Amino acid sequence: MKKTLCLILFTGLLTNIAQAQTMRCGTELISVGNRGFEIIRKCGQPSYKEVVGYTLGTSQRTELRIEEWVYGPNNGMQYILRLEGNRLIKIESSRVP
């Protein structure tokens, strides 16, 4: 019984982690690592875009722009995508009233 309960909890945790790393746009999925043009191709233009800062790349000679793109609300959910150097690094989601 204990092993089964632990397995169910662990599976649920992995599912939540996987969902946090992807976003559905119609029949398409975007995930961490996608480029900006791929996101726009699959999801269309975001409802809001903002440059929130800059960071240094892996070599000190590269400066990368950090942007946040907002999609939604769709079915009561709003998604905020964080892109660094035009590459998706984080997906946040929240319920909106």
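For reference, each letter of the sequence shown is one residue, going -20 to -1, 1 to 77 in mature numbering (1 follows the signal peptide of the UniProt record, and there is no 0). Even glycine gets a Cβ: it sits at the ideal position worked out from N, Cα and C. Computed from a predicted structure; not experimentally measured.
- With a cutoff of 8 Å on beta-carbon distance, GLY24 and LEU63 are scored as not near each other.
- Counting other Cβ atoms within 10 Å of its Cβ, LEU36 stays below 16 and is therefore classed as exposed.
- Non-local C-beta neighbours of ILE19 in its own chain, meaning closer than 6 Å and more than five positions away in sequence, comprise ILE10, ordered along the chain.
- Counting the other Cβ atoms within 10 Å of the Cβ of PRO26 gives 16 or more, which makes it buried.
- With respect to GLU8, LYS22 sits close: the two C-beta atoms are nearer than 8 Å.
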